[in-house]
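So the sequence lines, in the order shown, correspond to chains U and G. Just so you know, the first sequence maps onto residues 13 to 123 in my numbering. Just so you know, the second sequence maps onto residues 9 to 120 in my numbering. Worksheet: one structure, shown below.
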Amino acid sequence: GENVEQHPSTLSVQEGDSAVIKCTYSDSASNYFPWYKQELGKRPQLIIDIRSNVGEKKDQRIAVTLNKTAKHFSLHITETQPEDSAVYFCAASSLRRKLIFGQGTELSVKP
Amino acid sequence: DTGVSQDPRHKITKRGQNVTFRCDPISEHNRLYWYRQTLGQGPEFLTYFQNEAQLEKSRLLSDRFSAERPKGSFSTLEIQRTEQGDSAMYLCASSFQNSPLHFGNGTRLTVT
Chain U
13 GENVEQHPST
23 LSVQEGDSAV
33 IKCTYSDSAS
43 NYFPWYKQEL
53 GKRPQLIIDI
63 RSNVGEKKDQ
73 RIAVTLNKTA
83 KHFSLHITET
93 QPEDSAVYFC
103 AASSLRRKLI
113 FGQGTELSVK
123 P
Chain G
9 DTGVSQDPRH
19 KITKRGQNVT
29 FRCDPISEHN
39 RLYWYRQTLG
49 QGPEFLTYFQ
59 NEAQLEKSRL
69 LSDRFSAERP
79 KGSFSTLEIQ
89 RTEQGDSAMY
99 LCASSFQNSP
109 LHFGNGTRLT
119 VT
């Protein structure tokens, strides 16, 4: 069935370093890949997304890359700041279908 | 403009009781989704609607769970004969067609 695997489950970095979170998906029909940030006790919020016709997308310090052949995609955060600390979720879906989420990565940015 | 609204924010109930949650999506959004999230896990898909039609329901969803969206606007999720394993955060999300999902703040259910 449809599945999204996310690694690592926890990630600790020093302020200013880069953080990378990786996801793989099983459904080859998937064509939409968003990333959500969830702070403690709050709703998941979309931070960036990518569609399958694009290999990379960047928005300031955040970038996402997609490798359709290998069925994996990654989130890259550069120049991390303490306010980047949160749980990050990747997800995948195909057109007109539901989002399947990964298990989450708890990112801790130490000042 | 208001985002996705969910009510109540918290619900404590005794095992065996029925509970109902409400979700009001963003007004122009035609798709509405229900997810369940437990501590340390990603949101788990339950069901989704396009307008008033329920298009998909998770195979993992017990028949104690039912959702409706009678007029294609707000939705309700009912859990009958609650069990302790139903304790979780229930998230609603909405979108317009294939636009990104916007989540509500969720309803936290505790079954004692």
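Ideal Cβ placement from N, Cα and C applies to all residues, glycine included.
Item, Value
"Just to make sure I have the definition right: I need the residues of chain U whose C-beta is within less than 7 Å of the C-beta of G:F111. Which are they?", "R55, P56"
"Tell me which residue opens and which closes the beta strand (DSSP E) that U:N79 is part of.", "74-79"
"Compare the C-alpha of U:Y48 against each of U:S42, U:L87, U:P94, U:E95 and name the closest.", "U:L87"
"Name, going along the chain, the residues of the region 107-122 of chain U whose beta-carbon falls closer than 8 Å to a beta-carbon of chain G.", "L107, R108, R109, K110, L111, I112, F113, G114, Q115, G116"
"Assuming contact is defined by CB atoms lying nearer than 8 Å, are G:F82 and G:R39 in contact in what I supplied?", "no"
"Under 8 Å between the Cβ atoms of G:G80 and G:L99?", "no"
"Would a check of beta-carbon distances place G:G50 closer than 8 Å to chain U?", "yes"
"Apart from the five residues just before and just after U:P56, which ones in its own chain have a Cβ nearer than 8 Å to its Cβ?", "Y48, K49, Q50, F101"
"Step through the CB atoms of chain U and report whether any lies within less than 8 Å of the CB of G:Y7.", "For chain G, the structure presents residues 9 to 120; residue 7 of chain G sits outside this window and is missing."
"Can you list, in chain order, the residues of its chain whose CB lies under 6 Å from that of G:H18, leaving out five sequence neighbours each side?", "R116"
"Can you pull out the residues from the region 33-48 of chain U whose beta carbon lies closer than 9 Å to at least one beta carbon of chain G?", "Y44, P46, Y48"
"Considering just the uninterrupted stretch of the beta strand (DSSP E) at G:K19, what are its terminal residues?", "18-21"
"With distance defined between alpha-carbon atoms, name the residue in G:R77, G:Q105, G:P16, G:D94 nearest to G:R44.", "G:D94"
"Taking the DSSP output, what are the residues bridged to G:S37?", "The identity of residue 37 of chain G in the sequence shown is His, whereas the question assumes Ser. Partner(s): none; G:H37 has no beta bridge."
"For U:K122, which residues does DSSP report across the bridge?", "U:Q26"
"Taking the C-alpha atoms as reference points, what is the distance between U:L52 and U:V99?", "8 Å"
"Assuming G:L54 and G:S66 form a contact by the criterion Cβ under 8 Å, report the distance between their Cβ atoms to the nearest whole angstrom.", "5 Å"
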